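Engineer: Here it is: the structure, laid out below.
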Amino acid sequence: MQLKSYLLPFLSLASTLTATPITPEKPSLQSRSSSGCFEITQFRNSGSPHSISATVSFDLVDRSKNLAATCRAILSIQPSIVTTQFPTYCNDSSVAFGFEYNPPFPGYWLYIAHIYNNNNTVDGGSIWAGRDVRRYDNPSGNPNGDYDYLNFPAEFSVGYNRHVQELPVSTAVSTAAPTP
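Each residue of the sequence shown is one higher than the one before, starting from 830 at the first, in this note's numbering.
Following this line, the structure appears as C-alpha coordinates:
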(Lines of atoms letter the chains of each structure in order from A and count residues from 1; the text may use other names and numbers.)
(Lines give C-alpha, C1' and ligand atoms only; values in the text may rest on other atoms or scores of the structure.)
Protein backbone atom coordinates (compact mmCIF):
# COMPACT_ATOMS: atom_id res chain seq x y z
CA MET A 1 0.00 0.00 0.00
CA GLN A 2 2.84 2.34 0.84
CA LEU A 3 4.44 1.74 -2.59
CA LYS A 4 1.12 2.56 -4.21
CA SER A 5 0.96 5.93 -2.46
CA TYR A 6 4.38 6.85 -3.85
CA LEU A 7 3.71 5.69 -7.41
CA LEU A 8 0.32 7.34 -7.93
CA PRO A 9 1.62 10.96 -7.75
CA PHE A 10 4.42 10.13 -10.20
CA LEU A 11 2.07 8.41 -12.60
CA SER A 12 -0.42 11.26 -12.53
CA LEU A 13 2.42 13.75 -13.12
CA ALA A 14 3.68 11.69 -16.06
CA SER A 15 0.23 11.68 -17.68
CA THR A 16 0.09 15.50 -17.63
CA LEU A 17 3.49 15.99 -19.32
CA THR A 18 3.60 16.63 -23.06
CA ALA A 19 6.24 14.87 -25.09
CA THR A 20 8.57 17.16 -27.04
CA PRO A 21 10.01 15.62 -30.18
CA ILE A 22 13.78 15.69 -30.49
CA THR A 23 14.89 17.28 -33.74
CA PRO A 24 18.34 16.54 -35.08
CA GLU A 25 20.74 19.43 -35.48
CA LYS A 26 21.01 20.89 -38.94
CA PRO A 27 24.15 19.79 -40.77
CA SER A 28 26.92 22.36 -40.84
CA LEU A 29 27.90 21.64 -44.45
CA GLN A 30 26.58 23.91 -47.13
CA SER A 31 25.01 22.72 -50.33
CA ARG A 32 27.56 22.25 -53.11
CA SER A 33 25.49 23.58 -55.95
CA SER A 34 27.24 25.13 -58.90
CA SER A 35 28.44 28.61 -58.05
CA GLY A 36 29.67 29.77 -61.41
CA CYS A 37 31.76 28.80 -64.36
CA PHE A 38 35.17 29.24 -65.87
CA GLU A 39 35.00 30.28 -69.52
CA ILE A 40 37.73 28.53 -71.52
CA THR A 41 38.97 29.85 -74.87
CA GLN A 42 41.80 28.89 -77.22
CA PHE A 43 42.01 25.37 -75.76
CA ARG A 44 44.56 23.19 -77.47
CA ASN A 45 46.28 19.91 -76.62
CA SER A 46 48.49 18.74 -79.43
CA GLY A 47 51.95 18.15 -80.72
CA SER A 48 53.84 20.57 -82.91
CA PRO A 49 55.06 20.00 -86.46
CA HIS A 50 58.77 19.11 -86.71
CA SER A 51 59.11 18.84 -82.93
CA ILE A 52 58.89 16.27 -80.16
CA SER A 53 57.26 18.83 -77.86
CA ALA A 54 53.54 19.04 -77.21
CA THR A 55 51.43 21.68 -75.51
CA VAL A 56 48.23 21.91 -73.54
CA SER A 57 47.15 25.53 -73.28
CA PHE A 58 44.06 27.65 -72.77
CA ASP A 59 42.85 31.03 -71.58
CA LEU A 60 40.51 31.16 -68.61
CA VAL A 61 38.05 33.89 -67.57
CA ASP A 62 35.71 34.06 -64.58
CA ARG A 63 33.65 37.20 -65.04
CA SER A 64 32.18 37.05 -61.53
CA LYS A 65 35.69 37.47 -60.07
CA ASN A 66 37.27 39.62 -62.81
CA LEU A 67 39.74 36.77 -63.18
CA ALA A 68 41.76 36.13 -66.33
CA ALA A 69 44.59 33.63 -66.61
CA THR A 70 46.61 31.83 -69.26
CA CYS A 71 47.39 28.20 -68.51
CA ARG A 72 50.04 26.15 -70.29
CA ALA A 73 52.14 23.03 -69.95
CA ILE A 74 54.77 22.05 -72.52
CA LEU A 75 56.40 18.63 -72.55
CA SER A 76 58.79 16.75 -74.78
CA ILE A 77 56.92 13.49 -75.12
CA GLN A 78 55.61 10.83 -77.44
CA PRO A 79 52.68 10.38 -77.98
CA SER A 80 51.91 14.04 -78.25
CA ILE A 81 48.91 14.51 -75.94
CA VAL A 82 50.10 16.36 -72.84
CA THR A 83 49.08 15.25 -69.38
CA THR A 84 50.08 17.25 -66.34
CA GLN A 85 49.27 16.61 -62.70
CA PHE A 86 47.26 18.97 -60.57
CA PRO A 87 48.40 21.54 -59.46
CA THR A 88 50.12 23.00 -62.50
CA TYR A 89 50.02 26.75 -61.96
CA CYS A 90 48.88 29.29 -64.55
CA ASN A 91 50.36 32.75 -65.08
CA ASP A 92 48.11 33.89 -62.20
CA SER A 93 49.39 31.75 -59.32
CA SER A 94 45.93 31.66 -57.70
CA VAL A 95 44.79 29.43 -60.60
CA ALA A 96 45.95 25.83 -61.03
CA PHE A 97 44.98 23.03 -63.40
CA GLY A 98 45.63 19.41 -64.18
CA PHE A 99 45.05 17.44 -67.36
CA GLU A 100 45.06 13.68 -66.85
CA TYR A 101 44.04 10.46 -68.52
CA ASN A 102 41.96 8.30 -66.18
CA PRO A 103 41.53 4.65 -67.23
CA PRO A 104 38.58 3.91 -64.88
CA PHE A 105 36.64 6.61 -66.77
CA PRO A 106 38.40 6.38 -70.14
CA GLY A 107 39.39 9.75 -71.42
CA TYR A 108 41.12 12.97 -70.54
CA TRP A 109 39.97 15.14 -67.65
CA LEU A 110 40.66 18.84 -67.13
CA TYR A 111 40.67 20.00 -63.48
CA ILE A 112 40.72 23.70 -62.59
CA ALA A 113 40.86 25.50 -59.24
CA HIS A 114 40.95 29.15 -58.26
CA ILE A 115 42.20 29.67 -54.69
CA TYR A 116 41.63 33.05 -53.01
CA ASN A 117 40.49 34.83 -49.83
CA ASN A 118 43.74 34.04 -47.95
CA ASN A 119 43.56 30.44 -49.22
CA ASN A 120 40.19 29.91 -47.50
CA THR A 121 38.01 29.78 -50.64
CA VAL A 122 38.39 27.45 -53.61
CA ASP A 123 36.31 27.48 -56.77
CA GLY A 124 36.95 24.10 -58.35
CA GLY A 125 35.56 22.24 -61.33
CA SER A 126 36.37 19.58 -63.88
CA ILE A 127 35.27 18.47 -67.33
CA TRP A 128 35.70 15.29 -69.34
CA ALA A 129 37.56 16.20 -72.54
CA GLY A 130 36.92 12.85 -74.20
CA ARG A 131 39.41 10.47 -75.76
CA ASP A 132 39.21 11.35 -79.43
CA VAL A 133 42.90 11.59 -80.37
CA ARG A 134 43.51 12.25 -84.04
CA ARG A 135 46.56 12.51 -86.26
CA TYR A 136 47.43 15.54 -88.38
CA ASP A 137 49.22 14.38 -91.52
CA ASN A 138 51.46 17.06 -93.00
CA PRO A 139 50.35 17.52 -96.62
CA SER A 140 53.97 17.94 -97.72
CA GLY A 141 54.54 14.26 -97.02
CA ASN A 142 57.28 14.99 -94.48
CA PRO A 143 56.52 12.64 -91.54
CA ASN A 144 58.29 15.05 -89.16
CA GLY A 145 55.42 17.44 -89.74
CA ASP A 146 52.80 14.96 -88.46
CA TYR A 147 51.47 15.20 -84.91
CA ASP A 148 48.63 14.00 -82.69
CA TYR A 149 45.95 16.25 -81.24
CA LEU A 150 42.97 15.92 -78.93
CA ASN A 151 39.80 16.58 -80.91
CA PHE A 152 37.94 18.85 -78.49
CA PRO A 153 36.31 22.28 -78.91
CA ALA A 154 38.50 25.36 -78.49
CA GLU A 155 35.81 27.16 -76.45
CA PHE A 156 33.72 25.74 -73.60
CA SER A 157 32.83 26.39 -69.99
CA VAL A 158 33.62 24.48 -66.81
CA GLY A 159 31.09 24.79 -64.00
CA TYR A 160 32.58 25.03 -60.55
CA ASN A 161 31.56 24.60 -56.94
CA ARG A 162 32.69 26.96 -54.22
CA HIS A 163 34.24 25.49 -51.11
CA VAL A 164 34.86 27.73 -48.10
CA GLN A 165 37.13 26.74 -45.23
CA GLU A 166 35.44 27.98 -42.07
CA LEU A 167 38.05 28.43 -39.41
CA PRO A 168 37.05 27.71 -35.78
CA VAL A 169 36.67 30.58 -33.36
CA SER A 170 39.91 31.16 -31.49
CA THR A 171 40.02 29.40 -28.16
CA ALA A 172 43.15 31.12 -26.94
CA VAL A 173 43.52 31.32 -23.18
CA SER A 174 43.06 34.80 -21.79
CA THR A 175 46.14 36.26 -20.11
CA ALA A 176 44.04 38.26 -17.63
CA ALA A 177 44.04 37.12 -14.03
CA PRO A 178 40.97 35.14 -12.97
CA THR A 179 38.32 37.05 -11.04
CA PRO A 180 37.81 35.93 -7.44
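Backbone N, C-alpha and C fix where the C-beta goes; we use that ideal spot for every residue, glycine too. From a predicted model like this one, the values you see are computed outputs, not experimental measurements.
Rounded to whole angstroms, what is the Cα-Cα separation between Ser877 and Thr884?
Structural biologist: Start at 1 with the first residue of the sequence shown, and residue 877 comes out as number 48. Start at 1 with the first residue of the sequence shown, and residue 884 comes out as number 55. Taking the straight line from one Cα to the other gives about 8 Å.
Engineer: Say whether the stretch 881-899 touches the stretch 938-945, bearing in mind that this needs 3 or more beta-carbon pairs closer than 8 Å, one atom from each stretch.
Structural biologist: Output reads yes: the stretch 938-945 touches the stretch 881-899.
Engineer: Assign Asp966 to buried or exposed, taking buried as 16 or more other Cβ atoms, counted over all protein chains shown, within 10 Å of its Cβ.
Structural biologist: Here residue 966 refers to the residue found at position 137 when the sequence shown is read from its first residue. Under this definition Asp966 is an exposed residue.
Engineer: Identify the residues that DSSP records as bridge partners of Phe928: which are they?
Structural biologist: Against the sequence shown, residue 928 aligns to sequence position 99. Per DSSP, Thr913, Leu939.
Engineer: So, under 8 Å CB-CB, Glu995 and Ile869 are touching, yes? Tell me the CB distance rounded to an integer number of Å.
Structural biologist: The sequence position of residue 995 within the sequence shown is 166, counting from 1. The sequence position of residue 869 within the sequence shown is 40, counting from 1. Contact doesn't hold; Cβ gap of about 30 Å is too wide.
Engineer: Buried or exposed: Asp961, going by 16 or more other Cβ atoms within 10 Å of its Cβ?
Structural biologist: Here residue 961 corresponds to residue number 132 of the sequence shown, with the count starting at 1. So Asp961 counts as exposed.
Engineer: If we call anything under 8 Å between Cβ atoms a contact, is Cys866 one with Tyr989?
Structural biologist: Reading the sequence shown from its first residue, position 37 is the one you call residue 866. Reading the sequence shown from its first residue, position 160 is the one you call residue 989. Going by C-beta atoms, Cys866 is nearer than 8 Å to Tyr989.
Engineer: From the DSSP output, in three-state form, read off Asn946 for me.
Structural biologist: By 1-based counting over the sequence shown, the position of residue 946 is 117. Correct three-state label for Asn946: coil.
Engineer: By Cβ distance below 8 Å, which residues in the same chain neighbour Thr950 in space, the five residues on each side in sequence not counted?
Structural biologist: To locate residue 950, count along the sequence shown from 1; it is residue 121. Cβ neighbours of Thr950 beyond the five flanking positions: Ile944, Arg991, His992, Val993, Gln994.
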